[in-house]
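Peer 1: First the structure, then my questions, so here it is.
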Amino acid sequence: MCCYKTPSLDARHAMLIDEVPKLGKEAALKAIKEWGQPVSKITHLIFSAFYGVDMPGADVRLMKLLGLEPSVNRLMIYTQGCYMGGTVLRLAKDIVENNPGARVLVVCSDIKVLDFHEPSETHLDILVVQAIFGDGAGAAIIGADPDISNGERPLFQLLSCTQTTVPDTENYIVGHLKEMGTDYYLSKDLPVTIGKHIDKLLADAMSPIGISDWNSLFYIVHPGGKGILDQVEKNLGLGKDKLWASRYVLSEFGNLGAPSVFFILDEVRKKSLEETKATSGEGLDCGVLFGFGPGLTVETVVLRSIPIDSTN
Numbered sequence: 001m002c003c004y005k006t007p008s009l010d011a012r013h014a015m016l017i018d019e020v021p022k023l024g025k026e027a028a029l030k031a032i033k034e035w036g037q038p039v040s041k042i043t044h045l046i047f048s049a050f051y052g053v054d055m056p057g058a059d060v061r062l063m064k065l066l067g068l069e070p071s072v073n074r075l076m077i078y079t080q081g082c083y084m085g086g087t088v089l090r091l092a093k094d095i096v097e098n099n100p101g102a103r104v105l106v107v108c109s110d111i112k113v114l115d116f117h118e119p120s121e122t123h124l125d126i127l128v129v130q131a132i133f134g135d136g137a138g139a140a141i142i143g144a145d146p147d148i149s150n151g152e153r154p155l156f157q158l159l160s161c162t163q164t165t166v167p168d169t170e171n172y173i174v175g176h177l178k179e180m181g182t183d184y185y186l187s188k189d190l191p192v193t194i195g196k197h198i199d200k201l202l203a204d205a206m207s208p209i210g211i212s213d214w215n216s217l218f219y220i221v222h223p224g225g226k227g228i229l230d231q232v233e234k235n236l237g238l239g240k241d242k243l244w245a246s247r248y249v250l251s252e253f254g255n256l257g258a259p260s261v262f263f264i265l266d267e268v269r270k271k272s273l274e275e276t277k278a279t280s281g282e283g284l285d286c287g288v289l290f291g292f293g294p295g296l297t298v299e300t301v302v303l304r305s306i307p308i309d310s311t312n
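For what it's worth, the UniProt record's numbering labels the leading residue of the sequence shown as 1, then goes sequentially.
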């Protein structure tokens, strides 16, 4: 299976069918425990996973593992890439704002078995994937009008969510599912291209709330690689520590795909609590989450932090 271009899709897929939902379950259980409410209150499940299609889907397996109600409305999304962490938040926001009382469990579970190959002298993109990609899962409960009296304690508010496809960049991140697994191509121009567009994307997102000082925000930037983070920092004119959480997750866990932004969010809110900051966003009022992936697709989520209650 490890030899480059050796037919191995069946073996790889067999591993993922059980393990992707299991990993997703672990992240979901942590989110549900912190939420502090019974699973019977979950009305919707959005599950993004990185592996081939299976029927019934991984969402059905996850629903069973968690003991969710049969009436839960499910959405399964397969193998769309690293930007999906932002996508599931955007979809969940739309659901809860249009369905009073809805509580959406969003889960991203990525295991890179399809991507693992022997290095190839003729396909150096494989080395990039092997060097920085990792396995992980992230989850959150999304709702509107939190029931504070019943113990719901929000961590962040989703102010706005948008998706942008950068024109003429569909060949910058390419992945094809083949008998060998996933065959990747990554353009060397990817970091510079993201950097070129990032200021306008942020300006468009922040214009409705009147923010133009980029250093007044906290940042949840998908850690697609050091080059991408460097370009974001450079083109937004950010201070050297503004992307600390993204750099930390990249160095400790690698590029985890869609779950990466959940890891970064967790680091930001934990450090804010440890350092007794006034809010969950490093003491700042607002922040932004960026997800990058094939398309070239950019998910932009504007976040408002929540005041930290030192007594709870």
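Note that the Cβ used here is the ideal one computed from N, Cα and C, for glycine as well.
For VAL106, which of LEU202, GLY287 and LYS25 has the nearest alpha-carbon?
Peer 2: Locating residue 106 in the sequence shown gives position 106, where the first residue counts as 1. Considering only alpha carbons, the answer is LYS25.
Peer 1: Which same chain residues end up closer than 7 Å to VAL192 when comparing Cβ atoms and leaving out the 5 residues on each side of it in sequence?
Peer 2: Here residue 192 is taken as the residue at index 192 of the sequence shown, counted from 1. Once the five neighbours on either side are set aside, the close Cβ partners of VAL192 are GLN231.
Peer 1: Would you mind giving the Cβ-Cβ distance between LEU238 and ILE198, rounded to the nearest angstrom? I have them listed as a contact below 8 Å.
Peer 2: Residue 238 sits at position 238 when you count from the first residue of the sequence shown. Residue 198 sits at position 198 when you count from the first residue of the sequence shown. With 8 Å as the limit, LEU238 and ILE198 do not qualify as a contact, their Cβ atoms being about 10 Å apart.
Peer 1: Need the endpoints of the alpha helix (DSSP H) that ASN73 sits in, please.
Peer 2: Residue mapping note: residue 73 aligns to position 73 of the sequence shown, counting from 1. Taken as a continuous stretch (DSSP letters only), ASN73 belongs to no alpha helix (DSSP H), being part of the beta strand (DSSP E) at 73 to 78.
Peer 1: Starting from the N-terminal side, write out each stretch of the beta strand (DSSP E) that is 3 residues or longer and does not extend beyond the UniProt domain "Chalcone/stilbene synthase C-terminal" (157 to 307).
Peer 2: Taking only runs of at least 3 residues, the beta strand (DSSP E) segments lying wholly in the UniProt domain "Chalcone/stilbene synthase C-terminal" (157 to 307) are 173 to 178, 181 to 186, 218 to 221, 286 to 293 and 297 to 305.
Peer 1: Is there contact between the segment 81 to 91 and the segment 158 to 165, where contact requires at least three CB pairs shorter than 8 Å?
Peer 2: Yes: the two stretches touch, three or more of their Cβ pairs being nearer than 8 Å.
Peer 1: Please report the straight-line C-alpha distance between ASN171 and SER187, rounded to a whole angstrom.
Peer 2: Here residue 171 is taken as the residue at index 171 of the sequence shown, counted from 1. Here residue 187 is taken as the residue at index 187 of the sequence shown, counted from 1. Taking the straight line joining both Cα atoms gives about 8 Å.
Peer 1: Take VAL20 and list the residues in its own chain whose beta-carbon comes closer than 7 Å to its own, dropping the five residues that flank it on each side.
Peer 2: Position 20 of the sequence shown holds residue 20. ALA49, TYR51, ALA58, SER109 and ILE111, listed in sequence order.
Peer 1: Three-state secondary structure (DSSP) at ARG103?
Peer 2: Residue mapping note: residue 103 aligns to position 103 of the sequence shown, counting from 1. Correct three-state label for ARG103: strand.
Peer 1: Please classify ASP309: does DSSP put it in a helix, a strand, or coil?
Peer 2: To locate residue 309, count along the sequence shown from 1; it is residue 309. Coil, per DSSP.
Peer 1: Would you check if the distance between the CB atom of ARG12 and the CB atom of VAL113 is smaller than 7 Å?
Peer 2: Here residue 12 refers to the residue found at position 12 when the sequence shown is read from its first residue. Here residue 113 refers to the residue found at position 113 when the sequence shown is read from its first residue. It is a contact, given that the beta carbons lie within the stated cut-off.
Peer 1: Exposed or buried, what is PRO223 when buried is set at 16 or more other beta-carbons lying within 10 Å of its beta-carbon?
Peer 2: Position 223 of the sequence shown holds residue 223. With 16 or more other Cβ atoms within 10 Å, it is buried.
Peer 1: Please state whether DSSP places ALA11 in a helix, a strand or coil.
Peer 2: For the purposes of this step, residue 11 is identified with residue 11 of the sequence shown, where counting begins at 1. Of the three classes helix, strand and coil, the one that applies to ALA11 here is helix, per DSSP.
Peer 1: Starting from the Cα of ALA28, find the closest Cα among VAL301, ASP18 and ILE46 and give me that residue.
Peer 2: For the purposes of this step, residue 28 is taken as residue 28 along the sequence shown, with counting starting at 1. Among VAL301, ASP18 and ILE46, the Cα nearest to that of ALA28 is on ILE46.
Peer 1: Grab the span of the beta strand (DSSP E) containing ALA137 for me, first residue to last.
Peer 2: Locating residue 137 in the sequence shown gives position 137, counting from the first residue. Here the beta strand (DSSP E) through ALA137 covers 136 to 143.
Peer 1: Is the Cβ-Cβ distance between THR279 and SER305 less than 7 Å?
Peer 2: Within the sequence shown, numbered from 1, the residue matching residue 279 stands at position 279. Within the sequence shown, numbered from 1, the residue matching residue 305 stands at position 305. Yes.
Peer 1: Tell me whether the segment 240 to 253 and the segment 210 to 219 touch, counting them as touching only if at least three CB pairs, one residue from each stretch, are closer than 8 Å.
Peer 2: Yes, the segment 240 to 253 touches the segment 210 to 219.
Peer 1: Grab me the residues of THR311's own chain with a C-beta within less than 8 Å of its C-beta, minus the 5 sequence neighbours each way, in chain order.
Peer 2: Working through the sequence shown from its first residue, we reach residue 311 at position 311. Unreliable placement is indicated for THR311, whose pLDDT of 42 sits below 50; the coordinate value is still reported in the next sentence. Excluding residues within five positions, none has a Cβ falling inside 8 Å.
Peer 1: Starting from the Cα of ASN73, find the closest Cα among ILE228, PRO294, HIS44 and HIS176 and give me that residue.
Peer 2: Taking the first residue of the sequence shown as position 1, residue 73 is located at position 73. It is HIS44 whose Cα lies nearest to the Cα of ASN73.
Peer 1: Just tell me which of ASN98, TYR219 and HIS123 has its CA closest to the CA of LEU284.
Peer 2: Sequence index remark: in the sequence shown, residue 284 carries index 284 (1-based). Ranking ASN98, TYR219 and HIS123 by Cα distance to LEU284 puts TYR219 first.
Peer 1: Taking the alpha carbon of GLY81 as the reference point, which residue from LEU202, LEU158, TYR184 and ALA144 has its own alpha carbon closest?
Peer 2: Start at 1 with the first residue of the sequence shown, and residue 81 comes out as number 81. The option with the nearest alpha carbon to GLY81 is TYR184.
Peer 1: For LEU45, which beta-bridge partners are listed by DSSP?
Peer 2: Taking the first residue of the sequence shown as 1, we reach residue 45 at position 45. Beta-bridge pairing links LEU45 to ARG74 and LEU105.
Peer 1: Rank ASP18, GLY151 and ALA258 by C-alpha distance to the C-alpha of ILE32 and give the top, closest one.
Peer 2: Start at 1 with the first residue of the sequence shown, and residue 32 comes out as number 32. The shortest C-alpha separation from ILE32 is found at GLY151.
Peer 1: Using CA atoms only, rank isn't needed, just tell me which of SER260, VAL268 and ASP309 is closest to residue 352.
Peer 2: Residue 352 is absent from the structure shown; the chain starts at 1 and stops at 312.
Peer 1: My output table needs one value for ASP54: the three-state DSSP class, helix, strand or coil.
Peer 2: Along the sequence shown, read from residue 1 onward, the residue named residue 54 stands at position 54. Three-state DSSP puts ASP54 in coil, outside helix and strand.
Peer 1: Return helix, strand or coil for residue 370, following the three-state DSSP convention.
Peer 2: Here the chain covers residues 1 to 312 and nothing more, so residue 370 does not appear.
Peer 1: Contact check, ILE268 vs GLY281 under 8 Å by CB: the rounded distance?
Peer 2: Here residue 268 refers to the residue found at position 268 when the sequence shown is read from its first residue. Here residue 281 refers to the residue found at position 281 when the sequence shown is read from its first residue. A small fix is needed here, since residue 268 is Val in this sequence, not Ile. About 6 Å; that satisfies the 8 Å criterion.
Peer 1: How close, in whole Å, do the beta carbons of ALA258 and MET84 come, if the pair is a contact with beta carbons under 8 Å?
Peer 2: Here the question's residue 258 lines up with position 258 in the sequence shown. Here the question's residue 84 lines up with position 84 in the sequence shown. About 4 Å; that satisfies the 8 Å criterion.
Peer 1: If you drop the 5 nearest sequence neighbours on each side, which residues of the same chain put their C-beta closer than 7 Å to that of ILE42?
Peer 2: Taking the first residue of the sequence shown as position 1, residue 42 is located at position 42. LEU68, VAL72, ARG103 and LEU105.
Peer 1: Terminal residues of the continuous alpha helix (DSSP H) containing residue 373?
Peer 2: The chain is shown from 1 up to 312; residue 373 falls before or after that span and cannot be answered.
Peer 1: Any idea if SER272 is buried or exposed, counting beta-carbon neighbours within 10 angstroms, 16 or more meaning buried?
Peer 2: Here the question's residue 272 lines up with position 272 in the sequence shown. Classification for SER272: buried.
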